[in-house]
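Peer 1: Encoded as structure tokens, here's the structure I'll be asking about.
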Amino acid sequence: MSTLADRYARIKASLPPHVELIAVSKTRSVAEIRALYDLGQRAFGENYPQELREKAALLPNDIQWHFIGHLQRSNVKHVLPLAHLIHGVDGPKLLDEIEKRARATGRTAHVLLQVHIAREETKHGLSGPELLALVEGWDAARWAHIRVRGLMGMATDTEDDDLVRSEFRTLAGLFHRIQAGHTFREHGFDTLSMGMTNDFGLALEAGSTLVRIGTALFGPRP
Ligand SMILES: *Cc1c(COP(=O)(O)O)cnc(C)c1O
């Protein structure tokens, strides 16, 4: 049986140096997170606000917490003070709530816009046209305390590599198109969050700059 240290070393060795690894720790215990922290990992991803709050209170404060779940407006006030980056932002109403809370607490919120690239209906995010419309109509005064750092997406959960590859390419195409425009030039728009345990190889081929990996590090979730 491989150890956490083996798996961590193997995954890190498979990533190009410019690609960031987020260890997805949802449902994992504080002790498991601590073990990976002790191996040097600092960026962890959580999906549920309550779980994030409980863990953040018990773990070292140099951990960078990435909020990768679906964020409801009512939870923004809990997540914002803890999150280094919020990955799942999918529309103006959520942006308004993030802006309101960031302004009130004197913070700048760093976010990714989530794009729906998968076949599954259940995955959240903006369609390509919705994304481009949002970017086109970006209101810098309305969202003055928000920095859009990039895009995030999840491919269809399938064995069909060609489908997954084409979904990642679609997302990468949108990323490069927005990067080439002027809207987020001052935001540090440099992050393309795509790839998980089963598809991060394909995501890297398509240009991912950040992979979110849980199972391949910690084993199957309980
Ligand atoms: C759970 C989750 C992951 C990690 O999935 P694994 O298959 O365990 O690597 C990545 N991204 C998001 C958004 C998730 O919810």
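Residue 22 is where the sequence shown starts when you use my numbering, and the numbers rise one by one after that. Just so you know, even glycine gets a beta-carbon here, dropped at the ideal spot from N, CA and C.
So is the beta-carbon of G235 under 7 Å away from any non-hydrogen atom of ligand 1?
Peer 2: For G235, the Cβ falls inside the 7 Å cut-off from some heavy atom of ligand 1.
Peer 1: For A77, which residues in the same chain have their Cβ closer than 7 Å to its Cβ, ignoring the five residues on either side in sequence?
Peer 2: W86, L103
Peer 1: Considering just the uninterrupted stretch of the alpha helix (DSSP H) at T191, what are its terminal residues?
Peer 2: 182-201
Peer 1: Rounded C-beta distance between M173 and S214? I'm assuming under 8 Å.
Peer 2: 4 Å
Peer 1: Please classify E67: is it buried, with 16 or more other beta-carbons within 10 angstroms of its beta-carbon, or exposed?
Peer 2: buried
Peer 1: With distances taken from CA atoms, which of Y58, Q135, R122, P38 is nearest F196?
Peer 2: Here the closest residue by C-alpha is Q135.
Peer 1: Taking the straight line between their C-alpha atoms, what separation do you get for I167 and D178?
Peer 2: 31 Å
Peer 1: Taking only the alpha-carbon atoms, compute the straight-line gap between S95 and T126 and give it to the nearest angstrom.
Peer 2: Put simply, the backbone Cα of S95 is about 16 Å away from that of T126.
Peer 1: Taking Cβ positions, are V51 and L79 nearer each other than 8 Å?
Peer 2: yes
Peer 1: Between H208 and the rest of its own chain, which residues show a CB-CB distance below 8 Å, the 5 nearest in sequence each way excluded?
Peer 2: R168, V169, R170
Peer 1: For T191, which of H203, F65, R140 has the nearest alpha-carbon?
Peer 2: Among H203, F65, R140, the Cα nearest to that of T191 is on R140.
Peer 1: Taking a contact to mean a Cβ-Cβ separation below 8 Å, would you say R234 touches E188 in this structure?
Peer 2: Contrary to the premise, residue 234 reads as Ile rather than Arg in this sequence. No. Outside cutoff.
Peer 1: Starting from the N-terminal side, write out each stretch of the alpha helix (DSSP H) that is 4 residues or longer and does not extend beyond the region 66-113.
Peer 2: 70-79, 97-100
Peer 1: If distances are taken between C-alpha atoms only, which option among D160, L106, G216 comes closest to T230?
Peer 2: G216
Peer 1: Taking 7 Å as the cut-off, is the beta-carbon of G90 closer than that to any non-hydrogen atom of ligand 1?
Peer 2: yes
Peer 1: Can you find a heavy atom of ligand 1 that lies under 7 Å from the Cβ of K47?
Peer 2: yes
Peer 1: Verify whether the separation of the beta carbon atoms of L238 and A44 is less than 8 Å.
Peer 2: In contact: L238 and A44 (Cβ atoms closer than 8 Å).
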